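Notes follow once the structure below has been shown.
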Amino acid sequence: MSLLIGTWNVNSIKMRREHVEKLLQEKSIDILALQETKVETEKFPNLIFKKLGYEVYHYGGKGRNGVAILSKFKAEDIINGFKGLKEEDQFPDVKERIIGIKISSEKIKELWIFSIYIPNGSPVNSDYYFYKLQFLWKFREFLETNFSRNFSLILMGDFNVAPEEIDVYDSEIWRENICFTERERKAFKILLDFGLVDALRLKYSNKSGIFTWWDYQFSAFNKNQGMRLDHILITESLVNKLQNIWVEKSARGWKKPSDHAPVLAEFNF
DNA sequence: ATGACTGGAGTTTCCAGA
1 MSLLIGTWNV
11 NSIKMRREHV
21 EKLLQEKSID
31 ILALQETKVE
41 TEKFPNLIFK
51 KLGYEVYHYG
61 GKGRNGVAIL
71 SKFKAEDIIN
81 GFKGLKEEDQ
91 FPDVKERIIG
101 IKISSEKIKE
111 LWIFSIYIPN
121 GSPVNSDYYF
131 YKLQFLWKFR
141 EFLETNFSRN
151 FSLILMGDFN
161 VAPEEIDVYD
171 SEIWRENICF
181 TERERKAFKI
191 LLDFGLVDAL
201 RLKYSNKSGI
211 FTWWDYQFSA
221 FNKNQGMRLD
231 HILITESLVN
241 KLQNIWVEKS
251 ARGWKKPSDH
261 APVLAEFNF
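In my numbering, the protein residues as written are 1 to 269.
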């Protein structure tokens, strides 16, 4: 069976609700991870998506952050935040940044799917910056506590890190910019070393100019001056099931768009 | 005009985003 999944930082579900509906229906998406819903848990438009046939798993706070998963499969288990870590490691906004569900079906056996929103961390070297680095390290610890590399895991979301030089439009200009500093890229690599593969690079190993975010300013989208910050990370057991993966760039060109485009991936189970 | 950011909070202007 074919499974179409995706991730999208929508920059407010209130502003982008119709965009999400359009994407779900036009592409017949099975599971969509959302970030920056920017609404409190109970104010998410659950009913709208339930009418379209999706289960809704969301946690959010007032005004910022917020992660959701819209799924045609019912969750057998849910993780929200850094499950299993000590009390002092429960960062104040971690529940608004990490949500995961376990699904199973006749063909799919115990697949965990996460929606992730890593802190932005700007400006570089600020308290926020070091919070971001800590968050990335702690996230690796969270994975080790709950899973192993032998699990079937799909971690998707806005990681706020452009991993390689080809993931920014001009690596010299962006060298010391937030999302592309050495320390952020190193922390991202350490995360991958858990046993994760950057799914887009399985299909487009050396292609430059593939971005998922473009600044609202400076006509950045028209000039394709962006960064690849949104990722679908998978464990080894899913690698040979990946059929296709792409950035749905068209959505960045819709009226009143999010500054991120969705990343979609098709698996065959 | 030859350039121009957006969303949310909460009150007219600031903060955060990347």
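Glycine is no exception: its CB is placed at the ideal position from the N, C-alpha and C atoms.
Computed from a prediction, not measured in an experiment: that's the story for all the values here.
Exposure of methionine 15 is indicated by the presence of fewer than 16 other C-beta atoms within 10 angstroms of its C-beta. Taken in chain order, the unbroken stretches of beta strand (DSSP E) that lie wholly in the region 112-164 and span 3 residues or more are 152-158. Within the DSSP bridge table, the entry for valine 94 names no partner. Rounded to whole angstroms, valine 161 and lysine 107 show a C-alpha spacing of 33 Å.
Distance from the CA of serine 219 to the CA of serine 152, rounded to the nearest whole angstrom, comes to 40 Å.
Minimum Cα-Cα distance from proline 119 among the listed residues Arg64, Trp112 and Ile78 corresponds to Arg64.
Among the bridge pairs identified by DSSP, glycine 226 is matched with Trp214.
With a cutoff of 7 Å on beta-carbon distance, glutamate 36 and asparagine 80 are scored as not near each other.
Per DSSP, reduced to three states, the secondary structure at aspartate 77 is strand. Counted as a single uninterrupted DSSP element, the stretch harbouring phenylalanine 269 is not any alpha helix (DSSP H), since DSSP gives it neither H nor E.
Taking all protein chains in view, the Cβ of tryptophan 137 is surrounded by fewer than 16 other Cβ atoms within 10 Å, so the residue is classified as exposed. DSSP places valine 67 in the strand class (E or B) of the three-state scheme. Annotation: glutamate 88 to lysine 72 spans about 35 Å, alpha carbon to alpha carbon. For serine 2, there is no enclosing alpha helix (DSSP H); the residue is part of the beta strand (DSSP E) that begins and ends at 2-9.
In the structure shown, glycine 253 falls within a helical segment according to DSSP collapsed to helix, strand and coil.
Per the C-alpha coordinates, the member of Leu133, Tyr117 and Ile116 positioned closest to valine 124 is Leu133. Contiguous alpha helix (DSSP H) elements confined to the region 177-204 occur at 182-192 and 199-203, taking only those with 4 or more residues. C-alpha of asparagine 206 to C-alpha of leucine 200: approximately 10 Å in a straight line.
Contact between asparagine 177 and lysine 83 is absent: CB atoms are separated by about 33 Å, not below the 8 Å threshold. Within the DSSP bridge table, the entry for lysine 102 names Asp77 and Trp112 as partners. CA-to-CA, the gap between arginine 185 and leucine 155 works out to about 17 Å. Boundaries around isoleucine 245 are those of the beta strand (DSSP E), 242-247, since no alpha helix (DSSP H) includes it.
Here aspartate 170 is exposed. Its C-beta has fewer than 16 other C-beta atoms within 10 Å.
Sequence-distant partners of glutamate 96 (beyond 5 residues in either direction) whose C-beta falls short of 7 Å from its own C-beta, in its chain, are Tyr59, Gly60, Gly61, Asn65, Gly66 and Val67. Across the structure, valine 197 and leucine 238 are spaced so that their CA atoms are roughly 9 Å apart.
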